[in-house]
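Number of protein chains: 2
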Amino acid sequence: MGEQRKRLSRDERRAQLIEIGRHQVEASSFDELSTDAVADEAGISRGLLFHYFPTRRDFLVALAEDAAGELLDLTAPDESLPPLERLRAGLEAYLDYVTTRSDLYVALVRGAAGGSTGLQDVFEATRSRLAERILDGLALGGGEVDDALAFAARGYVALTEEVVVSWLRTDQRMPREELVDRLVQWALAALSSAGAPDDLLT
Amino acid sequence: MGEQRKRLSRDERRAQLIEIGRHQVEASSFDELSTDAVADEAGISRGLLFHYFPTRRDFLVALAEDAAGELLDLTAPDESLPPLERLRAGLEAYLDYVTTRSDLYVALVRGAAGGSTGLQDVFEATRSRLAERILDGLALGGGEVDDALAFAARGYVALTEEVVVSWLRTDQRMPREELVDRLVQWALAALSSAGAPDDLLT
DNA sequence: GTAGCGTGTTGAGCCTGACTCAACGAAGGC
DNA sequence: GCCTTCGTTGAGTCAGGCTCAACACGCTAC
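Here the protein sequences line up with chains A and B, keeping their order.
Using our numbering, you'd call the opening residue of the first sequence number 1 and step up by one each time.
Using our numbering, you'd call the opening residue of the second sequence number 203 and step up by one each time.
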């Protein structure tokens, strides 16, 4: 590729590399990503990538954090809504993200869970954040959450991820509104089974 | 290691390598497993491993299949039990396996989901098998399962995996009986939310 | 015994891809 | 116009996956 090499600022170069890395991951998966390929596509030397990311793993973690951060931003809860509406809005935003970036999402959910230790941590942390948000909607008094509720929240997040991936795989055959309704139902069922107060239906 | 090298039959050698591979995976993770290390521990040349498993990935897949097969065998449903009892028995067996081989289990659930394509398939297939078993308990007439029920079953399996991993991570603080009770509750909640007949409580 | 044969096994070496390092060169300040 | 800064280079090292032609062990036949 005879692209003319250009000198970029640290931030620009870093952003460019992450952008390219995301494409590569979308096209294949995390563990198939090659640093050489990224460098080639960026039109830089092989060595430069390691000036920004000391290790291939660091690079992958940066990619995962970038994608996860984007997901978390776009699904940030609207505190002004009552709990149930908030959950529904969160699910809608989640599905927006997922349908827009389905390749990246699947790569993240299915690829970052395993793989290197660092990736697992990012995945873990993201799932935790999502679970916390759900619990925050309940714990109005800011009380301690017991194990059962915590398990319910985490389990529900996992259920949602799995269902959404399955839904994508069936070409979204089920209407999206029905899917959201069901996911809301499952949330209520999981949480109330775990002893959550029923007034979360506010 | 001055162990005397011995000539083994194909099946013996293969079994030995898988056994060693499982140890390595337990000790670290799938993607950190090194074929050289396995060969060393087995006291064989580096080349021989590739005589049995043409590719590192093939070896990892064989390991995952071995572990997944073991899990499926040990949790095989007892057809003579009524649905609800069968589910409970399955969960008990599942927890037996998980507590016995927690390292391997976590490596499988958290490591095989991502990583190479082949590993993902094994993980996928195992989750599907577990979901099918749950649906089999319902579909007495052998009718078609609609998307909602299929999603519920798959989602529930994912929920269970996540909850169990979390439970292990909290040093099994919650009593095991309570965990089983809750998991049964969640199963009923998830399935009936998806429109399963209520007479699955037989 | 020894000649042959099937097959488990070897070990040197290739090759890809992650990673290093000393030196180069394009902006900006003086 | 020189100097300092720092993004950048590219040749090279190293680890680890993978190959291949030859070897050696156990066996049967003569």
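Glycine included, each C-beta is placed from N, C-alpha and C at the ideal position.
Scan the stretch 335 to 360 of chain B for residues whose Cβ lies nearer than 8 Å to a Cβ of chain A and list them as they occur along the chain.
Per Cβ criterion, the list reads Asp-349, Ala-350, Ala-352, Phe-353, Ala-354, Arg-356, Gly-357, Tyr-358, Val-359, Ala-360.
With DSSP collapsed to three states, give me the class of Ala-314(B).
In this structure, Ala-314(B) counts as coil in the three-state DSSP scheme.
Against chain B: residues of the stretch 179 to 196 of chain A by CB proximity under 7 Å
Those residues of the stretch 179 to 196 of chain A that come within reach of chain B (Cβ to Cβ, closer than 7 Å) are Arg-182, Gln-185, Trp-186, Ala-189, Ala-190, Ser-193, Ala-194.
Cα-Cα separation between Ala-314(B) and Phe-261(B), rounded to whole angstroms
Near 13 Å, if we compare the C-alpha coordinates of Phe-261(B) and Ala-314(B).
Go ahead and label Ala-42(A) buried or exposed: buried means 16 or more other beta carbons lie within 10 angstroms of its beta carbon, across all protein chains shown.
The residue is buried, with at least 16 neighbouring Cβ atoms inside 10 Å.
Assuming Ala-189(A) and Ala-391(B) form a contact by the criterion Cβ under 8 Å, report the distance between their Cβ atoms to the nearest whole angstrom.
Contact annotation, Ala-189(A) with Ala-391(B): C-beta distance approximately 4 Å; criterion of less than 8 Å satisfied.
Return no unless some Cβ of chain B is closer than 8 Å to the Cβ of Ser-102(A).
Not one beta carbon of chain B lies nearer than 8 Å to the beta carbon of Ser-102(A).
Alpha carbon to alpha carbon, what distance is there between Tyr-358(B) and Arg-335(B)?
Each residue's alpha carbon lies about 12 Å from the other.
Listed from N- to C-terminal order along the chain, which residues in the stretch 93 to 119 of chain A have their beta-carbon within a distance smaller than 8 Å of any beta-carbon of chain B?
Flagged, chain order: Arg-110, Gly-111, Ala-112, Ala-113, Gly-114, Gly-115, Ser-116, Thr-117, Leu-119.
Are the stretch 32 to 50 of chain A and the stretch 82 to 91 of chain A in contact at 8 Å, needing three or more beta carbon pairs?
The stretch 32 to 50 of chain A is not in contact with the stretch 82 to 91 of chain A.
Determine, for Glu-267(B), whether the minimum Cβ-Cβ distance to residues of chain A falls below 8 Å.
For Glu-267(B), the closest Cβ of chain A is not nearer than 8 Å.
Is there a Cβ of chain B sitting closer than 8 Å to that of Ser-80(A), yes or no?
It does not: the Cβ of Ser-80(A) has no partner Cβ on chain B nearer than 8 Å.
What first and last residue would you give for the alpha helix (DSSP H) that runs through Ala-333(B)?
Where Ala-333(B) is concerned, the enclosing alpha helix (DSSP H) stretches over 319 to 340.
Inter-residue CB distance, Arg-56(A) and Thr-35(A) (contact presumed, cutoff 8 Å)
With 8 Å as the limit, Arg-56(A) and Thr-35(A) qualify as a contact, their Cβ atoms being about 5 Å apart.
According to DSSP, is Ser-193(A) helix, strand or coil?
In the structure shown, the three-state DSSP call for Ser-193(A) is helix.
Please state the DSSP three-state secondary structure of Pro-285(B).
Secondary structure at Pro-285(B): helix, using DSSP grouped into helix, strand and coil.
Quick one, are the C-beta atoms of Leu-168(A) and Val-106(A) less than 8 Å apart?
Contact: yes.
So Leu-235(B) is in the alpha helix (DSSP H); what residue range does that whole segment cover?
For Leu-235(B), there is no enclosing alpha helix (DSSP H), as DSSP gives it neither H nor E.
Where Leu-108(A) and Phe-50(A) are concerned, what is the direct C-alpha to C-alpha distance, given to the nearest angstrom?
Distance between the alpha carbons of Leu-108(A) and Phe-50(A) is about 23 Å.
Between the CA atoms of Glu-26(A) and Phe-53(A) - distance to the nearest angstrom:
Spanning the two alpha carbons is a distance of roughly 20 Å.
Contact criterion: CB-CB distance below 8 Å. Does Asp-400(B) meet it with respect to chain A?
Asp-400(B) does not count as touching chain A.
State buried or exposed for Thr-117(A), treating a residue as buried only when at least 16 other CB atoms are found within 10 Å of its CB.
Thr-117(A) sits exposed, since fewer than 16 C-beta atoms from the chains shown fall within 10 Å of its C-beta.
Contacting residues, own chain, Cβ-Cβ under 8 Å from Gly-397(B) (five flanking each side not counted)
Correct list, in chain order: Asp-348, Ala-350, Leu-351.
Would you say Thr-170(A) faces chain B, with C-beta separation under 8 Å as the test?
At least one CB atom of chain B sits nearer than 8 Å to the CB of Thr-170(A).
Are the Cβ atoms of Gly-316(B) and Arg-110(A) separated by less than 8 Å?
Going by C-beta atoms, Gly-316(B) is nearer than 8 Å to Arg-110(A).
Using a C-beta to C-beta distance shorter than 9 Å, which residues of chain A count as neighbours of Val-365(B)?
Neighbours of Val-365(B) on chain A, chain order: Phe-151, Ala-152, Arg-154, Gly-155, Ala-158.
Between the beta-carbon of Ile-220(B) and the beta-carbon of Leu-265(B), is there less than 8 Å?
Contact flag set, yes.
From the DSSP output, in three-state form, read off Thr-301(B) for me.
Helix.
Going by the CB atoms, is the gap between Pro-83(A) and Leu-138(A) shorter than 8 Å?
Using a Cβ distance threshold of 8 Å, Leu-138(A) and Pro-83(A) count as a contacting pair.
Would Asp-260(B) pass as an interface residue toward chain A - the criterion being a Cβ-Cβ separation below 8 Å?
So, not an interface residue.
Excluding five sequence neighbours on each side, which residues of the same chain lie with their C-beta closer than 8 Å to the C-beta of Val-300(B)?
Answer for Val-300(B): Tyr-307, Val-366, Leu-370, listed in chain order.
To the nearest whole angstrom, what separates the beta carbons of Ala-360(B) and Glu-162(A), a pair I think is in contact under 8 Å?
Beta-carbon to beta-carbon, Ala-360(B) and Glu-162(A) are separated by about 4 Å, close enough to satisfy the 8 Å threshold.
Give a yes or no on whether the C-beta atoms belonging to Val-324(B) and Val-240(B) are separated by under 8 Å.
At a Cβ-Cβ threshold of 8 Å, Val-324(B) and Val-240(B) do not count as neighbours.
Give a yes or no on whether the minimum CB-CB distance between Asp-323(B) and chain A is below 8 Å.
No, its Cβ sits nowhere closer than 8 Å to a Cβ of chain A.
Since I believe Arg-176(A) is in contact with Thr-95(A) (beta carbons under 8 Å), could you give me their beta-carbon distance rounded to a whole number of angstroms?
According to the sequence as given, residue 95(A) is Leu; it is not Thr. With 8 Å as the limit, Leu-95(A) and Arg-176(A) qualify as a contact, their Cβ atoms being about 6 Å apart.
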